[in-house]
Ligand code: FE
Ligand code: CA
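Numbering (our numbering), first residue to last: 84 to 591.
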């Protein structure tokens, strides 16, 4: 660190986002730029937010260490009300450990509620790109209306991350990611761009895979635009796994090797996400389901529907399956279910938003079969939660979903077999960022006759942009026409509103 660059970092005003400070001539040669994975923030509270980065000057090194030497490195961070850092409201330093792949999770505290901030890091004489973040409103306050975007499923090989870029350009106050942030497979054929390395199994593999994904500038822009609330789905570990039961047989793994793989995957997930230290993995488990309160406006109940679920019924896939109705079956596990219902009973905010992974509403195909990987494979579990929120007088339950690589908007029904039964909640399903490629553009709801409560479908890549106010949630289904070429514009395929006290979709 030269005196000049130190002075710039302390005083601000001379450094633009993403530009490293070069030491003066004659000073020690600059180390390779270590902030190639960008910056992120997450899990806002009224007075704090977690700031994330990971030092990796050579992101794709096979050892997963990103080109960093086997030594711990001090990383400084700053928070300011301006992107020129002319005055600091918080700052500190943390040690990025080699043992943690030089990932950083710094809590920036002492912040004002419902406020916008900028942050950056410095390490090894270099300054990171600047990120924007914000805090939640105070518990007693509604705060400003909130633009919240949510997304899932970003297979790197299937397309470019244009939708992440467009999401960033919407200037949201909060972004939810509902899983399949990475995919675990090896190098595919006939793809837009390619994974590096074979199917990921070891901790080094998972770290390198995150580094590949996080090298993408569009993803970095989305992280830098707003704080994120993240939960994983299956592909952060392996396709359609259910707790300790694998769905795949390739690669062949012993029970001990599978346990080690899940341990590695959860560790790498924490290392690479803007999660608070309370969400750090502990051996073969990771505490991820959590509540983030947004004042009187909303409460985000972030769920984990992989780690504790019973195995998929009838061998997974689309099935007509009596076992799917067994009362003993659970998608969340009993502890998480009780935690969710207890939290819903508090009615902290106007909108109780469940951020979760798999399709919640009933969805039948023409033969009456349903997806055993989704809530349809755990019907008693779904029923306990729906009945639970009805019994607790939850005014505005809103379920957010990823996983299926298509957009859907659904009314949730007291009795899915009876279309005239009460609508007791609403579900918004985001399409994928890139997974499965460009899509057909169809907006015809599949098997509509069997699913009259499923109101909207679209087969394009994109995200959902919501605007949350006291009186309504507006949802804009945003889509890009191509992900196999860079630079597509995003447009709104359809909009809905959900009115306070009136579950279900209205034309928007
Ligand atoms: Fe996916
Ligand atoms: Ca999935």
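Even glycine gets a Cβ: it sits at the ideal position worked out from N, Cα and C.
These numbers were taken from a predicted model, which means no experiment stands behind them.
Query	Result
CA nearest to the CA of residue 416, picked from 406, 463, 433	463
contact_flag[the region 388-406, the region 454-473] where n(CB pairs < 8 angstroms) is 3 or more	yes
Sequence-ordered residues whose beta carbon comes within less than 5 angstroms of a heavy atom of ligand 1	236, 263, 518
C-alpha gap between residue 330 and residue 228, whole angstroms	42 angstroms
Cβ neighbours of residue 481 in the same chain (closer than 8 angstroms, five flanking residues each side left out)	434, 435, 436, 437, 508, 509, 510, 511, 556, 581
Within 7 angstroms, strictly: CB atoms of residue 561 and residue 575	yes
Element boundaries [alpha helix (DSSP H), containing residue 471]	462-474
Beta-carbon contacts of residue 524 that lie in its chain and below 7 angstroms, excluding the five residues immediately before and after	542, 543
Residue 406 (DSSP reduced to helix, strand or coil)	helix
Where residue 248 sits in the DSSP three-state scheme	helix
Closer than 7 angstroms to chain B by CB, residue 198	In the displayed structure, chain B is absent; only one protein chain is listed.
Residue 290 versus 137, 270, 247, residue with shortest Cα-Cα distance	137
Proximity to residue 305 [Cα-Cα], best of 346, 248, 506	248
Short Cβ contact (7 angstroms threshold) for residue 372 with residue 364	no
Residue 243 in three-state terms, based on DSSP	coil
Cβ contact check for the region 220-237 and the region 375-387: 3 or more pairs under 8 angstroms	yes
First and last residue of the uninterrupted alpha helix (DSSP H) at residue 311	Taken as a continuous stretch (DSSP letters only), residue 311 belongs to no alpha helix (DSSP H), being part of the beta strand (DSSP E) at 311-313.
Nearest-angstrom beta carbon gap, residue 243 and residue 301 [assumed within contact, 8 angstroms]	7 angstroms
Contact test: residue 317 Cβ vs ligand 4 heavy atom, cutoff 6 angstroms	Among the ligands modelled here, namely ligand 1 and ligand 2, ligand 4 does not occur.
Buried versus exposed, by CB contacts within 10 Å (16 or more), residue 107	Per-residue confidence for residue 107 stands at a pLDDT of 45, beneath the threshold of 50, marking its modelled position as unreliable; the derived number appears in the next sentence. With fewer than 16 Cβ atoms within 10 Å of its Cβ, residue 107 is classed as exposed.
Stretch pair the region 515-523 + the region 446-460: three plus CB contacts closer than 8 angstroms	no
Nonlocal neighbours in the same chain, by C-beta distance under 8 angstroms from residue 430, ignoring five residues either side	475, 476, 477, 478
4 or more residues per run - each alpha helix (DSSP H) lying fully within the region 262-344	286-297, 300-308
Residue closest to residue 583, alpha-carbon to alpha-carbon, out of 527, 432, 468, 563	432
Backbone CA spacing between residue 323 and residue 214 [nearest angstrom]	34 angstroms
Buried or exposed (CB count within 10 angstroms, at least 16 for buried), residue 252	exposed
Limits of the alpha helix (DSSP H) - the one that residue 568 falls within	Taken as a continuous stretch (DSSP letters only), residue 568 belongs to no alpha helix (DSSP H), as it is neither H nor E.
Residue 349 - DSSP class collapsed to helix/strand/coil	helix
Residue 426: first and last residue of the uninterrupted alpha helix (DSSP H) it sits in	417-429
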